[in-house]
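Input: a single structure, listed below in C-alpha cells.
Residue numbers (the working numbering), protein chains in the order written: chain A, 57 to 816; chain B, 40 to 380.
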C-alpha cells in the first residue's frame with residue numbers, strides 16, 4: 057500500500073482499532089441493506105459491533121440472525137436476489153457449513169460481500185487462525201481479496217462493494233483477513249470522518265440488472281440448467297473474473313484519490329532486484345518484511361510477495377515479480393493433503409511454468425496451522441532456506457515440500473492413566489424405576505445424602521467460569537443414570553471447557569463431532585451398538601446408555617438434525633442445557649434467548665430494547681415428533697431432575713428417543729452474581745417462564761406447579777435478578793415487560809390445559 | 040500533560056528492543072480486566088501520546104477464571120507495526136493475580152533491564168523469592184485491596200502501577216482514556232477508577248535485583264507441546280480419561296472461598312448438588328443413628344473457583360464465605376483424588 061499525495065481528499069480520523077472493528081465500521085459506512093449472520097469465532101464480533109452501532113442509530117442495516125451459517129448464507133442470497141447490498145461474516149466450519157451456497161451466489165451472479173475471518177477448519181476443532189477455510193473459498197467462483205492488516209480490512213470492504221457491482225464483474229466478493237492476528241489486534245488506522253463520503257463514492261447500485269422485487273418485470277432466478285448450457289454459464293463466470301484484473305486497478309486508483317491509500321493487486325516488497333523471496337498470504341507477510349529489511353542491511357537481496365487479490369489469481373504479476381528470483385519459499389498456512397503443496401505452491405509454480413526463461417527454484421512449507429504464531433525467526437528460517445538453495449543452485453537434499461515447525465516427540469506418555477475407568481457396578485443409581493399398570497413409569501429418588509454414593513462421570517479440573525450452571529445440571533442428570541454411558545457433546549461451553557487438549561474431564565467415552573450434527577452422529581453409534589450385539593461382536597449383555605449433550609445454540613443450528621433423529625426414534629437421550637444464548641462465543645442471541653434479554657447481538661440503546669422476538673419452545677417442538685419422553689428440569693429441584701433422568705434412561709433403553717431441557721445459569725453473560733444461579737433458575741420456574749413438566753408417552757404432566765403451591769411470581773421478580781434484563785423494569789420498557797408476561801402466561805395456561813387433558 | 044489526538048507530536052521511545060519496540064505483557068485471569076487494561080494503555084500511547092503500537096490478547100477457549108495474557112507494543116510514531124506475534128521478551132510484565140506465580144511461568148522472557156509488577160500484599164523481596172528471579176526489578180502493588188475499597192477492579196490500579204514503572208507513559212493520558220472508556224456507558228464509575236489508578240500509581244514498592252557476578256540470563260525458550268507427531272495418538276484422541284484432575288484451578292478464585300465447619304454440617308448434600316466444580320469430598324460413614332451413610336468430609340480447594348454457590352445453598356451455616364488468606368486453602372484442602380507426583 058503506497059501513500060498518494062493528498063489533493064483535496066476527504067477528512068479522515070486516525071484511531072486505534074482491530075480488523076473486526078474496521079470491518080464493522082466499513083459495513084456501517086457502506087450501509088448495506090442487510091446482514092445475514094451466525095456467530096462463529098473469530099468473525100462474531102463484526103455482527104456484535106454492528107448491532108451495537110445499530111441501536112445507537114449509526115446505520116440502518118437489517119440484521120438477521122440465522123439458525124446456522126447455511127441459513128445465514130440463504131438469508132443473504134435471498135436478499136441479494138432483491139438487488140440489495142448484502143453483507144455476511146463467518147469463519148472456518150461456519151464457512152464450510154455455508155459452502156454449498158457459495159457457488160450458487162457466484163454462478164447466478166449475485167454480488168454481495170462476505171468477510172471470511174480465516175480460521176482453522178475442524179477436526180480436531182481449533183478455533184485459531186490459519187487458511188484452511190480460505191482455500192475452500194478459492195474454489196467457489198467468488199472474487200477473493202486478502203487484507204493483511206486492519207486498515208486494509210476497512211478499505212477492501214468498501215472497494216469490494218464497488219468491484220462486485222461493476223457491470224463487467226457482477227460477482228460476490230470475499231474479503232478475507234487473518235483470524236485473531238488481524239481480526240483481534242488493534243492497530244493505528246484511518247477512516248472517513250463522514251460516512252457519506254463512502255456512500256457517495258459507491259453511489260447507488262448500478263441499474264439494468266433484473267431483480268426479484270420488480271413485479272412489472274417477472275424473471276426466473278435459478279432455472280435448472282444441464283448441458284450444453286452450463287458450460288457457457290461457467291465461461292461467463294470465467295470472463296467476469298478476467299474482467300476483475302482490468303476493473304480492480306481502476307477502482308483501486310479511484311479509491312486512492314479518495315483516501316490516499318493505494319493498493320496493488322500483489323504487494324511486492326523490495327522485489328525489484330530480489331534474488332531470494334518469500335510468498336506469504338496475510339499478516340505473516342508483514343512479519344517477513346521486518347526480516348527482509350534486516351537481511352537487506354546484511355547485503356542479502358531479499359523480497360516478499362503477498363497477493364491482495366487471490367481470485368482471480370494475478371498470474372502475470374507474479375510471473376513478472378519472480379523473473380530474476382533464484383529461490384522462492386511459498387509459505388502456506390494450510391495444506392492440500394497429499395498434493396505436495398498447498399494451492400499457492402501449485403499456482404505459483406504453474407505461473408512460472410509458462411515462462412520458459414524462468415529458473416526460480418520453488419520450495420513449499422506448510423507453517424502456522426491452527427494459529428501457531430509466525431515469529432520473525434520463522435521468516436528468517438524461510439529466507440535462510442531460500443538463500444541456501446539459491447547458493448547451491450538446486451534443492452540437493454532439501455525437500456521441495458515439507459512442514460515447518462512440527463515437534464517429533466516428547467517424553468510424555470499419552471496413554472498413562474491418572475484415574476481408573478469407572479465400573480458398571482459402581483454406577484448403579486440409587487433412583488429406582490417402577491412400571492405402573494398404565495405402562496407409564498414411576499421413579500423414586502432417595503434423600504440427597506444417599507445420592508452422594510453415585511460417582512461423578514465428569515471429573516473436576518474443567519475450565520468453566522465460576523458459578524457455571526452447566527456442571528450442576530450435567531452431574532445431577534447423570535446421577536439418575538445407571539451403568540455405562542457414552543456421551544456426545546455438540547460444540548459449546550461444556551465441550552470446550554472439558555476437553556482442552558491434552559486434557560479431558562470425561563471419565564466415560566466422549567465424542568465431539570460438529571456444532572450441529574450430534575444427534576445423527578450419536579444415532580449412527582447407537583445403531584451399530586445394537587447391530588454389533590446382534591452379530592455377536594459385542595457381548596449380549598453389554599449395556600450402554602447414549603446421551604447427547606448440547607447447548608441451546610446447538611439446538612438452533614442442530615434443530616433439523618435433532619428433529620430427524622427424533623423422528624427416527626433412536627434409543628438415545630438428547631440433553632439440552634439452556635443458558636439462553638451462544639455463551640461460548642461471547643453471548644450472542646439464540647432463539648432460546650427470551651424477548652427483551654440483552655445479548656451481544658441484541659443490544660439495549662436508543663433504538664434497541666434487547667431481543668425482539670420470543671424464546672423458542674424446544675420441548676414442545678421435540679414433543680411434536682411424538683418421541684416417548686420429553687422433560688424439563690433445573691438444578692434447584694434436584695429430586696425432580698434425578699427422577700426424570702432415570703425415566704429418560706428407561707425410555708431410551710426400551711422405547712426410543714428421550715429429550716430434556718435443563719435451564720442453567722450463566723452468571724457471566726446473565727450479568728448476575730455467581731452465587732445466585734440456583735435461585736435465579738428457581739425464580740424462572742416460579743414465574744412459570746420455565747415450567748417443570750414431562751411429556752410421557754404423549755401425556756403432559758406438570759411436575760411442579762408454582763400456582764398450586766402459592767409460589768407463582770410475576771416475571772419481573774425473576775428478571776430483576778439479572779443484569780441482562782434490568783432495563784426491562786424501567787418504565788419506558790413496560791410494554792415489553794407486559795408482552796413477556798402475556799406470552800409466559802399464554803404458554804403456561806396452554807401447558808396446564810395439556811396437563812389436565814390427556815388428549816392434548 | 041494530555042495531548043489531544045489532533046495535536047499529538049511525533050513521539051520517540053527512550054527504550055527499544057532490536058525490532059524498535061517496547062513490549063508489555065499482562066499475565067492475568069479472565070475477568071480481571073487485563074484485556075481492557077491493555078487496550079486502555081495502548082490507546083493512551085497511540086491515540087493520546089502519538090506513539091505507534093499494537094494491542095491484543097491471548098485467545099482460545101479461555102473462560103472467566105482461566106489464565107489469559109494481554110500484550111502492548113509501542114514504537115516510534117513513524118515506524119510501522121508489522122509483527123503480530125506475542126511478546127516473548129517484554130520490558131514490563133504485569134501480573135494481575137499473585138496466585139498465577141504458582142501455576143504459570145509469569146516471569147518467562149523478562150528482559151535483563153525489565154520490571155515485573157505483581158498485584159500482591161507481599162513485599163517485593165517476598166515476590167522475588169517466590170519468582171526465583173535473579174535479575175531485573177520487582178514491583179508490588181496491593182491492587183486487590185485498592186479495588187475492594189474503591190469498589191472497582193484491579194485493572195485500573197495495575198495501570199497506575201504500570202505508569203509508575205514505565206516512565207515514558209504519561210499518567211494523564213491513561214486517565215484521559217479511563218474517563219473516555221468508562222464515561223460513555225458507566226459515568227458513575229469514573230471517579231472511583233481514577234482514584235484506583237492514582238492509588239495504584241502511588242503505592243508501588245520496588246526493588247532492583249543486583250545479579251550475582253557472572254550471572255547470565257537464560258534465553259527465552261518456547262514451551263514444547265505435550266506430545267509430538269511420533270507420540271501423539273493419531274486423530275487427536277485423549278486416552279487418559281478424566282486427566283483434568285491434575286489441574287490446579289486455585290488461581291481462578293477472586294478473593295473468597297467457602298470455609299467448611301464439620302460441626303454444623305447435616306450432610307444434606309445441597310452444596311454438592313449445586314457445586315459446578317465438583318469440589319466436595321464424601322466418604323462412607325454413619326448417620327446420627329449409626330446407620331451406614333455418606334458423610335461430607337471436606338472441600339478439595341484445588342478445583343474451587345470461589346463462586347460460593349455452596350454457601351448460598353447451605354441451610355445450616357456449615358459453609359461460610361471466607362476472605363482467602365495465603366496458604367489457608369492448602370492447609371484445609373481435603374483431596375478428592377490421589378494425584379500422581
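Quick reminder that beta carbons are idealized off the backbone N, C-alpha and C, glycines included.
This one's a predicted model, so the numbers in the text were calculated from it and none came from an experiment.
Cβ-Cβ distances below 8 Å link residue 224(A) to 296, 299, 302 and 303 in the same chain, with the five nearest sequence neighbours on each side left out; the list follows chain order. Taking a contact to require three or more Cβ pairs closer than 8 Å, the stretch 742-750 of chain A and the stretch 535-547 of chain A do not qualify as touching. Collapsing the DSSP output to three states places residue 405(A) in a helix.
By the rule that beta-carbons nearer than 8 Å mark a contact, residue 118(B) does not touch chain A.
When rounded, the separation of the alpha-carbon atoms in residue 157(A) and residue 709(A) is 39 Å.
Within chain B, the C-beta atoms nearer than 7 Å to that of residue 243(A) come from 93 and 120, in chain order.
For residue 269(B), the C-beta contacts it makes with chain A under 8 Å involve 464 and 465, in order along the chain. Here the stretch 246-256 of chain B makes no contact with the stretch 481-496 of chain A; the two share fewer than three CB pairs at distances below 8 Å. Taking C-beta atoms under 8 Å as the contact rule, residue 663(A) and residue 92(A) fail to qualify, at a distance of about 20 Å. Residue 585(A) and residue 597(A) have their C-alpha atoms some 12 Å from each other. Boundaries of the alpha helix (DSSP H) around residue 371(B): 367-371. For residue 359(B), no chain A residue has a C-beta closer than 9 Å to its own C-beta; the minimum C-beta separation is roughly 12 Å. For the 8 Å CB-CB criterion, residue 204(A) and residue 341(A) form a contact. Per DSSP, the unbroken beta strand (DSSP E) holding residue 359(B) starts and ends at 358-362.
By the C-beta criterion, the stretch 627-647 of chain A is judged to be in contact with the stretch 92-112 of chain A, since at least 3 inter-stretch pairs fall below 8 Å. Within its own chain, the residues whose Cβ lies closer than 8 Å to the Cβ of residue 371(B), once the five positions on either side in sequence are excluded, are 298, 299, 337, 338 and 340, listed in chain order. For the set 772(A), 409(A), 759(A) and 313(A), the Cα lying nearest the Cα of residue 797(A) is the one of 772(A). Proximity of the stretch 102-115 of chain B to the stretch 59-78 of chain B meets the contact definition, three or more beta-carbon pairs being nearer than 8 Å.
Taking a C-beta cut-off of 9 Å against chain B, none of the residues of the stretch 110-135 of chain A qualify. Against chain A, the CB of residue 56(B) has no partner CB under 8 Å away; the residue lies outside that interface. Taking a cut-off of 8 Å on C-beta distances, the stretch 572-585 of chain A does not touch the stretch 304-313 of chain B, as fewer than three cross pairs fall below it. The distance from the Cβ of residue 691(A) to that of residue 525(A) is about 7 Å, consistent with a contact at the 8 Å cut-off.
Inter-residue distance for residue 186(B) and residue 65(B) is about 18 Å (C-alpha atoms, whole angstroms). Residue contact check for residue 782(A) against chain B: no CB pair falls below 8 Å.
Of the residues 470(A), 501(A) and 399(A), the one whose Cα lies closest to the Cα of residue 457(A) is 399(A).
Taking a cut-off of 8 Å for Cβ pairs, the stretch 727-737 of chain A and the stretch 546-555 of chain A do not touch, as fewer than three such pairs fall below it. Interface flag for residue 208(A) against chain B is unset, since no Cβ pair is found closer than 8 Å. Under the Cβ criterion of 8 Å, residue 432(A) is counted among the residues facing chain B. At a beta-carbon threshold of 9 Å, the residues of chain A lying near residue 78(B) are 72 and 242, ordered along the chain.
Along the stretch 713-737 of chain A, the positions whose C-beta sits under 8 Å from a C-beta of chain B are 723, 724, 730, 731, 732, 733, 734 and 735, read in chain order. With a cut-off of 8 Å on Cβ pairs, the stretch 483-495 of chain A is not in contact with the stretch 278-287 of chain B, counting fewer than three such pairs. In the three-state scheme derived from DSSP, where H, G and I count as helix and E and B as strand, residue 225(B) is classed as coil. Under the three-state reduction of DSSP output, residue 58(B) falls in the coil class, being neither helix nor strand. Segment contact: the stretch 244-262 of chain A against the stretch 328-340 of chain A, fewer than three CB-CB distances shorter than 8 Å; contact not assigned. Taking 8 Å as the threshold, the shortest C-beta distance from residue 352(B) to chain A falls below it.
Across the stretch 468-491 of chain A, CB contacts with chain B closer than 7 Å involve 468, 470, 471, 472, 473, 474, 475 and 477, in sequence order along the chain.
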